[in-house]
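In our numbering, the protein residues as written are 13 to 418.
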């Protein structure tokens, strides 16, 4: 199948009835034409015609015969998941992650490459293209069998233009990601803020499945949230919805990278946790971190603190507990504003597990307004540090399958 037909198939799917059928096959396949007609209330001839068109794009395929209740056995329809693939990219502060999945979201290949210090816009775009080629070639996948590239990007993103408006951790602005990658690869490219992408990924095939109101919080070098209301991703008027890392928790707190003081991420992000540990050691606190860092406090990382906490280091346990309490305050504020059914915690800091989560939950129980709000579901991301890159994949699957208009 050539690129033109594959690209054209996206336009084909824009028909509501085709999208409904395709999504039904994704969710319930293998499924017969008769069952599709029954579920969708479309007439059998209409279903047959639409299925015929979908078969021509090769996005679906006929499978071995199903069970019959009498008479001729029905032909079953299923996604052609082994043929078509999606590339997801996650642009963090220091690394660019890439993954290749099938159209069911199953990860086939994953790579992570460092982003050079002081990278330019041009260099970053080329690095992204190189990463796509790397993962494609490693997996032995033909480019014409990749249906699109999803990009999760930290900072402010204009999803309509496919533009990284401001990537604060790279100190870059106005990066034309969609335009560049579409020109390089002649396929659909979708770009989204990393936390919002994470939320979409959790909704599609993670711990947010079947939940219409949820918030996913990405806690890494920064803190961001993706908010889904009534099954739809909420962007806000200027694409800054979910920037909870810049919710002020303490007006007399430390200075944040944004220029304000006491932002949530100055207490809960990976770098701030590491800096807090280094500060306590300088003040004379005893900890195995002094040995683990070989006396160089700048080497202390969130992972190191977690390892020390597991080994019983009291300072490390206290630092993670404090970060959990501050995050709990931020999450409580979020519950009072959005009141979601479920909150999902992902990103590197989420690896701290119960050291952080128990204190987060305790804080919510102390501070939330009502008994039901106190019991808001809090879970760890299904994908951990891969939550945003899987969200990037979901951007393309949403474009292909969704009838919800996310």
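Every residue, glycine too, gets a C-beta built ideally from N, C-alpha and C.
In terms of alpha-carbon separation, which member of 260, 404 and 156 lies closest to residue 198?
For the residues 260, 404 and 156, the minimum Cα distance to residue 198 belongs to 156.
May I ask you to report which of helix, strand or coil DSSP gives residue 419?
Because the chain here runs from 13 to 418, residue 419 falls outside it and cannot be looked at.
For residue 74, tell me which candidate among 166, 88 and 64 has the shortest Cα-Cα distance.
Minimum Cα distance to residue 74 is reached at 88.
Would residue 50 pass as a contact of residue 401 if the rule is Cβ separation under 8 Å?
No, they are not a contact pair.
Going by the DSSP bridge assignment, what does residue 105 pair with across the sheet?
Partner(s): none; residue 105 has no beta bridge.
Label residue 399 either buried or exposed according to how many other C-beta atoms from any shown protein chain fall within 10 Å of its C-beta, with 16 as the threshold for buried.
Counting Cβ neighbours within 10 Å, residue 399 comes out buried, since at least 16 surround it.
What residue range does the beta strand (DSSP E) around residue 87 cover?
Segment 87–91, the beta strand (DSSP E) holding residue 87.
Pick out the complete beta strand (DSSP E) segments inside the segment 50–80, 3 residues or longer, and give them in chain order.
DSSP runs (the beta strand (DSSP E)) wholly in the segment 50–80: 72–77.
Checking the sheet assignment: what are the DSSP bridge partners for residue 113?
Residue 113 pairs with 98 and 119.
For residue 277, which of helix, strand or coil comes out of DSSP?
Helix, per DSSP.
Taking the alpha helix (DSSP H) that residue 297 falls in, what are its first and last residues?
No alpha helix (DSSP H) contains residue 297, which DSSP labels as neither H nor E.
By the three-class DSSP mapping on this structure, what secondary structure does residue 253 have?
Of the three classes helix, strand and coil, the one that applies to residue 253 here is coil, per DSSP.
Output the distance between the C-alpha atoms of residue 136 and residue 383, rounded to the nearest integer angstrom.
Approximately 48 Å between the Cα atoms of the pair.
Short check: CB of residue 319 to CB of residue 299, under 8 Å?
No, the Cβ-Cβ distance between residue 319 and residue 299 is not below 8 Å.
Could I get the ranges of all uninterrupted alpha helix (DSSP H) runs contained in the segment 124–152, with 4 residues as the minimum, in chain order?
List check, alpha helix (DSSP H) in window: 133–151.
Ordered along the chain, which non-local residues of its own chain (more than five positions away) have a Cβ less than 7 Å from that of residue 372?
So the qualifying residues of the chain are 336, 339, 340, 343 and 390.
Given a cut-off of 8 Å, decide if residue 45 and residue 57 are closer than it, judged by their beta-carbon atoms.
No; because the gap between Cβ atoms is not below 8 Å, this pair is not in contact.
Grab me the residues of residue 274's own chain with a C-beta within less than 6 Å of its C-beta, minus the 5 sequence neighbours each way, in chain order.
Closer than 6 Å at Cβ, skipping near neighbours: 260, 261, 262, 263 and 265.
Within 10 angstroms of the Cβ of residue 97, are there 16 or more other Cβ atoms? Answer buried if so, exposed if not.
Buried is the call here.
So, are the CB atoms of residue 355 and residue 252 less than 8 Å apart?
Cβ distance not < 8 Å, so residue 355 and residue 252 don't count as in contact.
Ordered along the chain, which non-local residues of its own chain (more than five positions away) have a Cβ less than 8 Å from that of residue 200?
Excluding positions up to five away in sequence, the list reads 19, 22, 159, 160, 161, 194, 408 and 411.
If you draw a straight line from the C-alpha of residue 351 to the C-alpha of residue 152, how long is it?
One C-alpha to the other measures close to 45 Å.
Just to confirm the assignment, what range does the alpha helix (DSSP H) spanning residue 197 have?
Note, residue 197: alpha helix (DSSP H), 189–197.
Touching or not, the segment 238–245 and the segment 278–298, by the rule of three or more beta carbon pairs under 8 Å?
Contact fails: fewer than three Cβ-Cβ distances are below 8 Å.
Whole-angstrom Cβ separation of residue 282 and residue 361, contact assumed at under 8 Å?
Between residue 361 and residue 282 the Cβ distance is about 5 Å, and since that is below 8 Å, they are a contact.
My understanding is that residue 206 touches residue 258, with C-beta atoms under 8 Å, so please give their C-beta distance in whole angstroms.
No, residue 206 and residue 258 are not in contact; Cβ-Cβ is about 15 Å, not under 8 Å.
What is the rounded straight-line gap between the Cα of residue 329 and the Cα of residue 271?
Approximately 29 Å between the Cα atoms of the pair.
Do you know whose CA, among 106, 233, 288 and 186, lies nearest residue 269's CA?
Cα-wise, what sits closest to residue 269 is 233.
Can you tell me whether residue 246 is helix, strand or coil according to DSSP?
Strand at residue 246.
Taking 8 Å as the threshold (C-beta atoms), are residue 388 and residue 349 in contact?
Their beta carbons are not under 8 Å apart, which means residue 349 does not touch residue 388 by this criterion.
Between 306, 333, 305 and 125, which lies nearest to residue 368 when the distance is taken from Cα to Cα?
Measuring from the Cα of residue 368, the nearest candidate turns out to be 333.
Which residues in the same chain as residue 406 place their Cβ atom closer than 6 Å to its Cβ, once the five residues preceding and following it in sequence are excluded?
Within the same chain, residue 406 has close Cβ partners 212, 213 and 216.
Short of 7 Å in beta carbon distance, which residues of its chain neighbour residue 278, apart from the five on each side in sequence? Order them along the chain.
Answer for residue 278: 265, 266, 268 and 284, listed in chain order.
Looking at the secondary structure, which residues open and close the alpha helix (DSSP H) in which residue 377 lies?
Note, residue 377: alpha helix (DSSP H), 366–379.
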